Every structure is written in C-alpha cells, then in structure tokens.
Amino acid sequence: MSLSWSRTTRVIAGAATALAVLTACGGGGDDTADKPDGPVTLTFWGWAKGTKDVVDAFNASHTDIKVTFEEIPSGNAGGYAKISNAVKAGNAPDLVSIEYPSLPEFVSSGALQDIGDAFTEADRAKFLPQAVDLTTLGGRSWAVPFDAAPQAFYYRKDLFEKHGIEVPTTWDDFRKAAEQVRKADAKARIATFFPDDPTTFEAMAWQAGAQWFKAEDDTWKVDTTDPATTKVTAYWQGLLDDGLVHKNASFSPEWTGSLKNGTTLGYLGASWGAGVLKGTLPEQSGKWAVAPMPSWDGRPASGMLGGSTFAVPKNSAKKAAAVEFAEWMTTTEEGVKARIASGTSSAFPAATALRPTAKKAFDAGYYGGQDIYALFEAAGASISPRWSWGPTTGTTNTAIKDRFGAVAPGGPTLAEAVKAGHDATVAELTKRGLKVEG
113 MSLSWSRTTR VIAGAATALA VLTACGGGGD DTADKPDGPV TLTFWGWAKG
163 TKDVVDAFNA SHTDIKVTFE EIPSGNAGGY AKISNAVKAG NAPDLVSIEY
213 PSLPEFVSSG ALQDIGDAFT EADRAKFLPQ AVDLTTLGGR SWAVPFDAAP
263 QAFYYRKDLF EKHGIEVPTT WDDFRKAAEQ VRKADAKARI ATFFPDDPTT
313 FEAMAWQAGA QWFKAEDDTW KVDTTDPATT KVTAYWQGLL DDGLVHKNAS
363 FSPEWTGSLK NGTTLGYLGA SWGAGVLKGT LPEQSGKWAV APMPSWDGRP
413 ASGMLGGSTF AVPKNSAKKA AAVEFAEWMT TTEEGVKARI ASGTSSAFPA
463 ATALRPTAKK AFDAGYYGGQ DIYALFEAAG ASISPRWSWG PTTGTTNTAI
513 KDRFGAVAPG GPTLAEAVKA GHDATVAELT KRGLKVEG
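Numbering-wise (this note's numbering), the sequence shown opens with residue 113 and increments by one.
Have a look at this one:
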C-alpha cells in the first residue's frame with residue numbers, strides 16, 4: 113500500500129474550524145500515560161471475527177492485565193450507538209473497536225482520549241504510515257490501527273466454470289457476467305446490493321475516484337454528485353432495475369441462505385471477507401476463489417471497505433493498559449496468530465511485519481490454496497489516495513441507509529438516496545457551526 117494517506121490528516125487539519133472541533137472536543141485523558149501497577153482488569157467491546165480467541169490467548173499469557181470481552185453488534189448494526197450511549201452515560205469500556213470511517217466523528221464528539229503519550233513514535237513506526245495518518249487527527253493520536261481493508265471479489269469458482277462465465281475484470285464485464293448468471297439460472301444472481309450498508313457503496317465510489325469530503329482553509333466542501341459517484345450510482349441503479357443483482361441486507365439470513373443454496377455466486381467485499389465466507393459456509397470449502405475488484409478501465413483500483421482501529425473512550429482511567437493490550441493484538445505474532453488461526457478472520461494487518469504471519473496462519477485450503485494475501489497486497493497498493501472521511505459519517509450514512517431500502521424500479525432511486533446523504537451532511541455540519549460548501 114505505497115500511497116500517501118497523509119492527505120486525510122492534511123484535509124482535516126487544513127480546515128481551521130474543523131480542527132478546533134477535533135482537538136478541543138476530544139477527551140484528553142491524563143497528561144501522562146497511566147502505568148499499570150499490579151493486575152489491571154480491562155473491559156473491551158468489539159465484533160471482529162476471531163476477537164474472543166485473541167482475548168483468550170492474551171489472558172492465558174498475561175498476569176498483569178486481564179481483559180473482559182463483550183461482543184457487540186458491528187458498528188453500523190448498532191455497535192456505534194451502544195458505544196456512544198455508554199460514553200454519554202459514563203460507563204463505557206476501556207477499549208473499543210472503531211472503523212476508520214467513523215473515527216473522526218467519535219473524536220469530534222469528544223468520546224475518545226488522545227493516546228499519544230501511551231502510543232509512542234516507536235510504537236507507531238511498526239504500522240503503515242498511511243494507517244497511522246488515518247488515526248492521527250488534529251495532530252493527535254486517537255487509536256491503534258489494526259487492519260487495512262482493500263476490496264476484493266469472491267466468487268463461486270465451480271459455478272462460474274459450470275456456466276462458462278469468465279471472471280470479470282471491468283464493470284462492463286461484470287454486467288455481462290451478471291446477465292450470463294441469470295440466463296444460466298433464473299433464480300441466481302452474481303452478487304448482492306446491500307441496502308443497509310452504505311460503506312460498501314462508498315467503497316465503490318472511492319474506487320471510481322470520488323471525493324465526497326474536502327476541507328480547504330476553514331470550509332468543508334461536500335460533493336456526492338461528482339462524476340465518479342454519478343457513474344457508480346447510475347451503474348448500480350441499472351443493475352437493480354434490470355434485476356441482475358439481489359437486494360438483501362448484509363449478512364442477513366436471506367443473504368446467507370442464497371450463498372448456501374447457490375443462488376448468489378459472488379460477494380463484493382474486502383480482505384476480511386475471506387474469513388467471513390470461510391466461517392459462514394464451511395461446507396463449501398474448495399468452491400470459492402478470490403479475484404481483484406472489477407475496475408472501470410481494467411487497471412487495478414480499489415477503495416477501502418471498513419478497516420478497524422482500537423480506541424480508548426474518554427471515561428477510562430486505564431489508558432496505558434488498554435493501549436498495551438491493543439498493541440499486543442496488532443503487533444505481535446501471538447496476537448495475529450490467535451485471531452487468524454481461529455479460521456474466521458482473514459485480517460490484513462496494518463503492521464506490515466505481521467503480514468507473513470497472517471498469511472501463514474490463514475488456512476487457504478478453503479480457497480483451493482490460492483495466495484489470497486498476495487492479492488490483498490496488490491489491491492492495497494491500488495487504493496485511491498483521493499478519498500477522505502468527514503466528521504459526520506454517521507449522519508451521512510444514516511440518511512443514505514434510510515433511503516437505500518426503498519429503492520425500487522420506478523420508485524425512489526440510488527441518486528436520491530445519495531443526495532439525501534449529502535443534504536443531511538451539509539445540515540449537520542452547519543448545525544455544528546462549520547462553514548460548508550455543497
């Protein structure tokens with residue numbers, strides 16, 4: 113991933129007013145890191161696959177820190193609301209999972225502590241500079257990066273071969289392949305549009321070169337109707353209108369059932385999706401393969417779908433211990449092995465030295481021995497550096513999600529949903545007293 117993510121930091125830091133929000137509202141915690149003195153018990157909330165295995169491994173090998181883990185819904189499925197409510201109530205845990213897109217909003221709302229005194233320059237040097245940039249806002253460090261999440265296309269290799277369908281390398285090819293799938297089996301579709309998950313759509317826009325948020329001087333510029341987004345919106349509207357893809361909630365019983373019965377032949381996901389499929393459909397071992405995401409011109413291109421960090425809520429008085437545990441999960445062979453060897457996680461570590469460990473720990477037999485980590489490396493290197501996240505991701509995504517579900521032929525459109533996200537974003541930024549253009 114040899115690209116400059118420093119743009120994200122520069123964009124936020126470049127807007128003076130936004131910077132004030134990010135630095136003045138964020139919880140500062142203690143001036144110096146609190147060093148563990150005797151056994152410390154931490155509470156940790158998260159949802160990523162393999163997390164319980166990591167916690168168990170840590171507890172088995174450490175006596176000075178003990179971790180109590182609570183699995184919560186994924187962020188967009190209610191996890192972020194639970195974290196926010198706990199922070200407001202003063203009973204938040206000591207460590208939480210937060211994806212890169214949502215980190216600026218948690219920082220701007222004052223929910224997190226600056227961990228710079230516990231997460232030192234030497235610690236940060238173990239990670240991709242790009243990932244560190246994504247967790248550095250307003251010149252302060254707010255989270256320990258865990259993984260990067262380049263896009264990937266998972267497909268039923270056996271069914272593609274059975275129907276004589278070539279793996280698409282462009283989006284034009286993808287539509288042709290979608291038509292072939294439906295022709296071969298009237299009930300089958302090549303993939304699924306997730307109305308409940310705007311981040312998948314945003315990754316598509318990112319891949320196409322969109323730039324929804326941009327800060328110049330003291331003004332946030334918001335544009336969800338740029339040519340790249342318009343192209344992606346029209347493309348997916350066409351697939352939906354023509355009945356070439358399913359429309360089901362992500363990871364829902366309907367989606368899972370369609371994978372099990374072979375009426376969904378592909379999954380447009382991210383690097384972590386390899387573990388999801390393996391854990392969800394163990395009986396289909398050897399039937400799946402992984403390919404680069406189709407692109408508009410056939411050249412490598414990827415957005416980033418999710419990607420996790422570990423952050424310390426402002427209420428915690430155990431910052432140093434929480435950061436120590438987070439670093440163990442993200443920078444040690446033991447931590448990465450424990451997660452990947454569970455068989456449910458295919459995390460692509462932000463700590464570059466740990467990628468060989470992850471590759472070795474992941475049993476690629478499910479994908480016929482394919483070197484999926486080499487594919488993730490190439491996909492990561494192709495992620496566009498233009499995209500940056502604004503401080504109102506929750507507002508943006510809620511507005512889009514509320515309307516995606518109603519999209520139907522002859523009815524509400526994807527373009528209208530994206531425009532609603534734009535309008536809600538502008539309104540929220542204005543409400544916060546920020547200058548906005550868009």
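Note that beta-carbon positions come from the ideal geometry of N, C-alpha and C, so glycine has one too.
Note that this is a predicted model, so its numbers are computed, not measured.
In the displayed model, ALA300 falls within coil according to three-state DSSP, outside both helix and strand. DSSP places GLU395 in no alpha helix (DSSP H); its state is neither H nor E. Going by C-alpha positions, LEU240 is about 20 Å away from ALA315.
With respect to SER220, GLY506 sits apart: the two C-beta atoms are not nearer than 8 Å. Put simply, the stretch 229-236 does not touch the stretch 264-278. Fewer than three CB pairs are less than 8 Å apart. In this structure, the alpha-carbon of VAL334 lies about 28 Å from that of ARG411. Between the stretch 278-294 and the stretch 438-458, the count of C-beta pairs closer than 8 Å stays below three; the two stretches do not touch. In this structure, the alpha-carbon of LYS372 lies about 16 Å from that of GLY385. For a cut-off of 8 Å, the C-beta gap from SER428 to GLN225 is around 7 Å, short enough to register as a contact.
Boundaries for GLN482: no beta strand (DSSP E) harbours it, and the DSSP string shows neither H nor E there. If you ignore the 5 residues before and after TRP283, its C-beta comes within less than 8 Å of the C-beta of TYR347, PRO406, SER407, TRP408, all in its own chain and listed in chain order.
Under the three-state reduction of DSSP, LYS472 is assigned to helix.
In the DSSP annotation of this structure, the continuous segment of the alpha helix (DSSP H) that includes GLN349 starts and ends at 339-353. Counting every other CB atom within 10 Å of its CB across the protein chains shown gives ALA486 a total below 16, marking it as exposed. Shown here, GLN319 sits in a helix according to DSSP, grouped into three states. Counted as a single uninterrupted DSSP element, the alpha helix (DSSP H) harbouring LYS164 occupies residues 163-173. When the Cα atoms are used, THR180 and VAL256 turn out to be separated by approximately 19 Å. Annotation for SER196: no beta strand (DSSP E) segment contains it, though the alpha helix (DSSP H) segment containing it runs 191-201. Ranked by Cα distance from ARG515, the first of GLY522, ARG498, VAL530 is VAL530. When the alpha-carbon of GLN482 is set against those of GLU182, LYS269, LEU393, the nearest one is in LYS269.
Taking 8 Å as the cut-off, the Cβ atoms of ALA320 and VAL344 count as close.
Nearest Cα to GLU182 within the set HIS174, ALA160, ALA473: ALA160.
Ranking LEU377, LYS471, ALA433, PRO339 by CA distance to the CA of ALA527 puts PRO339 first. Excluding the 5 residues flanking it on each side, ILE512 has same chain C-beta neighbours closer than 8 Å at PRO310, PHE313, ALA529, VAL530, ALA532, GLY533, in chain order. Listed in chain order, the non-local C-beta contacts of ARG467 below 6 Å within the same chain comprise PRO461, local neighbours out to five positions each way being set aside. Of the residues assessed, SER494 falls on the buried side of the cut-off, its CB having 16 or more other CB atoms within 10 angstroms. For THR505, the enclosing alpha helix (DSSP H) covers residues 505-516.
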